[in-house]
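Residue 766 is where the sequence shown starts when you use the working numbering, and the numbers rise one by one after that.
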Amino acid sequence: MKKFSPYFVVFASIFFLWSCSDKKTDQFEVIGKIDGMPDDVLVYLEEIGLNNELKIVDSTRSNQKGGFLLKGFRGAEQKLYRVKMGSKWVLVIDDAAEVTLNANWNKLESDYTTKGSAGSASLSKLLKNIYSYDKSITELHYTIENLSVDPNSNDSVIALAQADLQKITEEQSKFMMAYADTTKYLPIAILAAFRADLEHDEDYLKQLMVSLDKRFANQSMTREFKQYLSEALNTKNISKIKINEPAPAFTLKDLNGKEVSLEKFKGKYLLIDFWASWCPPCRAENPNIVKAYTTFKDKNFEILGVSLDTDESKWKSAVKSDNLNWTQVSDLGGWKSGVVGLYGIEAIPANFLLDPNGNVIATNIMGPKLETTLKDILK
């Protein structure tokens, strides 16, 4: 999962970059009509800003009929807002003086409609597709997980499920690209672009920057997004880890709180695996890693799992659920963990294969390539 395109909690991981100097002029209203919504729920209208910052614009409480009214101000450039209702939320764009939200409380985030705002209606369509794709991806992940521990399943069945996962992931990517290329709303184009993969979609993202310049000229959000994307691509292309050079040393705590040093694994071939419980691509890759560990653990081979989790219980639960029976460490710092910068991690899953001297001999070997590489090395 890319830092650029947060996945699973994707909706909460959007960060649009726009100028704070945009002069506010016209008022706009968000009218909520939510069937089954409890009375007196606290409702916020929040502007989504720099690096996920949320600025509260207005607040109110729902009435007995699930209704509410929020007010904000529109500037010269369209902005993205979150309407937060208790623990639930949806997104709208301020492209009209009034936007009406209609939904059922029990299916709010996955099935809501809007009226009065063409931008918000287009955004709702995009989010429904993201929700549908992510739901399918998660279901396939659990299918693969269950097959991997089922004694009656075989490798060919697992391979078919993994192929389905790859197919739907590619379909989602193409859908998002098409949406970014054709939408009339800049916030939506950027939201769709954030689902792209820095590693595989670099050429497309460069083309998108040119396209946005033409379609949304002279907008501060366009300039800021281009700057952000350029920096992200430059960072990706500057690898901090060099082949045949020593892997940076680090020490982190394991599942029991005991400190584990990278130095401990000297003398063995070691796969350093960066992952997280909240990352569907990581969880989908875990069966491959389990298979590799089972096959090669008696051939001077070890694995060190480094989690970018922030929730200890979810980390431990995923380790148990996915049968990751090798050393697992984390400082529960997520993307702020020091080891992320140390290894130049821009996306997970990511891995580094070390020789017995602690030198890096391969990076990001996944899927069938992992077993093939290890088979060649551990003859």
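Glycine is no exception: its CB is placed at the ideal position from the N, C-alpha and C atoms.
- Non-local beta-carbon contacts of E811 in its own chain, meaning distances under 7 Å to residues more than five positions away in sequence, involve L819, K820, I821, V822, Y846, R847 and K849 in chain order.
- Inter-residue distance for F838 and N828 is about 23 Å (C-alpha atoms, whole angstroms).
- Residue burial annotation: Y950 is buried, with at least 16 other C-beta atoms found within 10 angstroms of its C-beta.
- Taken in chain order, the whole beta strand (DSSP E) runs of length 3 or more contained in the region 874 to 928 are 877 to 880.
- The region 1069 to 1081 and the region 1026 to 1046 touch, with no fewer than 3 CB-CB distances between them shorter than 8 Å.
- Just so you know, the alpha carbons of F1030 and I1068 end up roughly 9 Å apart.
- Residue environment: G1103 is assigned as exposed (fewer than 16 neighbouring CB atoms within 10 Å of its CB, all protein chains considered).
- By the Cβ criterion, the region 851 to 861 is in contact with the region 882 to 896, since at least three pairs of Cβ atoms, one from each stretch, lie closer than 8 Å.
- Membership of T1092 in the beta strand (DSSP E) is indicated by the continuous run T1092 to V1094.
- The Cβ atoms of W870 and I796 do not sit closer than 8 Å to each other.
- I1126 is positioned such that its CB atom lies closer than 8 Å to that of I1008.
- Between V864 and G881, the beta carbon gap of about 5 Å places them in contact (Cβ cut-off 8 Å).
- Only residues of its own chain outside the window of five on either side were considered, and among them F940 have a CB closer than 7 Å to the CB of N894, listed in chain order.
- Taken through DSSP and simplified to helix, strand or coil, T1128 comes out as strand.
- The residue from G1098, D1096, T1128 and N1088 with its alpha-carbon nearest to that of I909 is N1088.
- Out of N919, L1107, A868 and C1044, the CA that lies nearest to the CA of K853 is found in A868.
- Collapsing the DSSP output to three states places V806 in coil.
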